[in-house]
Every structure is written in structure tokens, then in C-alpha cells.
Amino acid sequence: MSKFFKADADAVDIVRRENCFTGFYRLDRLHLRHRQFSGEMGPQISRELFVRHDAVCVLPYDPQRDEVVLIEQFRIGALGKRDNPWLLELVAGLIDTDEAPEQVARREAVEEAGLTLGVLWPITDYFPSPGGSDERVHLYLARCDSSAAGGVHGLAEEGEDIRVHVLSFGAALQALKEGYVDNAASIIALQWLALNRDEVRNLWG
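Letter by letter, the sequence shown follows residues -10 to 194 of my numbering.
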């Protein structure tokens, strides 16, 4: 796709990088110049960067029952932004060790939903908010048996209190339409499954 910008080794000049905060996450401030579409280097700009571990999100799907497994938990980012800060989401976790994304998906499914996943189907990798964060999300569909899924799960030492919901695919789409599902990974995964469901069921059926 030659019509799009192609960065070379000199496309970005980082003049200075300073650490503003370090905790579980990190906030850096970068002073830099980058090449513009004219070919010239632009003026120096300053940008704050939220430095996060990459994340893994997975939508467990039972092709026999045509059901998905979603989880519900309190999210600090939704507090004050919506009436109910308990969100309906995918199973998810951070890559904060040397684990591969697939390993994180399987571990988090056990911790958050009590599920043992079967085949993983990579959906996509994406940046959820590249204007200010370097986090990249690895998104999967996973085959599962939803017949015994349910209950409350999570690691007590991490303050997790996670309720499992099993929904028919139709009910999950309706929850999406009605705004009960309003986070990026869940929206992308459910819409992807809507587009590819026949193929998935044929292969996994």
C-alpha cells in the first residue's frame, strides 16, 4: 500500500524523554519532531504517553449451543461516565511477564470465568487509544463448552469480583444494540463474530 505514509529510520527524532510518574502504570513525556507529509521535519512537539503492558482479550464461544460467555465487573474508568460502572466485557488480562498472548488468554479464562478454552482464533491486534497510550490489544475468539459456565470468579488478592454471564449469540447482539456492551474489545469481537459466525460454526461445528 504505497499510497500510505512509510516511515524510515529518521522519521521521528526524540529530543528528550522524561518520566512523570511510575506506579502500576507509567506516564512519560516525550519531546520530539516527526516528518510531515511534505517530507520536511515538523516543529518540536511535546506529548504525554501512558505506558501500559499490552493486553489480551478473548470472547469464549460455544458453537454447539451458539452461546458466548461474557463477564461483568466494576471498572474505575466508567465511574462518573455512565450510570452503572459495572461493565459487560470479554475475559481479559495484561501481558506483564514473558507469557505469549495465547497463554494469557487461557490463564485469564480460568481465573476470571472458570473456563478451559479450546481452539483460539486470532481476530486482530489493535491500538485502543494511540493518541496517548502505547497499549496494543491482542483479540481472540475461543472455542469453549458453555454448559457449566457461571458463578463469581476472580483473584481475591487482586480485588477481583467477576460475575460470569452465558448469553445466546442473539441476546449478546441485542445487549450490544441496547448499549449494555460499550467497550471496544467486546464490540469488535461481537461484530466480528456476527460477520464470521457461519464460517466459525462450520469449522467448529
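For every residue, glycine included, the Cβ atom is placed at its ideal position computed from N, Cα and C.
DSSP places E167 outside both helix and strand once states are collapsed to three, so it counts as coil.
Under the three-pair Cβ rule at 8 angstroms, the region 90 to 101 counts as touching the region 117 to 131. Uninterrupted beta strand (DSSP E) stretches at least 3 residues long and entirely within the region 14 to 53 occur at 15 to 23, 34 to 40, 44 to 51, given in chain order. Between the C-alpha atoms of K166 and L156 there is a straight-line separation of about 14 angstroms. G12 is classed as exposed because its beta carbon has fewer than 16 other beta carbons within 10 Å across all chains shown. It is roughly 15 angstroms from the alpha-carbon of E149 to the alpha-carbon of L79. G82 and V58 do not touch by the CB rule: their CB atoms are close to 15 angstroms apart, not below 8 angstroms. G28 has its alpha-carbon roughly 14 angstroms from the corresponding atom of D2. At the C-beta level, C133 and L104 come within 7 angstroms of one another. R186 carries a helical assignment under DSSP once its states are collapsed to helix, strand and coil. The beta carbon of E7 sits closer than 6 angstroms to those of R18, all from its chain and outside the five residues before and after it, given in chain order. Contact annotation: R152 and E37 have beta-carbon atoms that are not nearer than 7 angstroms. Taking C-beta atoms as the reference points, D51 and S118 fail to come closer than 7 angstroms. Looking only at R15, N191, C9, A0, the smallest Cα-Cα distance to D123 is reached by R15.
Going by C-alpha positions, A102 is about 42 angstroms away from A(-4).
Under DSSP, R6 takes part in a beta bridge, and its partners are L19. Per DSSP, reduced to three states, the secondary structure at E61 is strand. Under the DSSP assignment, R132 falls in the beta strand (DSSP E) whose first and last residues are 126 to 132. For P111, the pairing in a beta bridge is given by DSSP as Y129. Taken through DSSP and simplified to helix, strand or coil, I177 comes out as helix.
C-alpha of A(-2) to C-alpha of H23: approximately 11 angstroms in a straight line.
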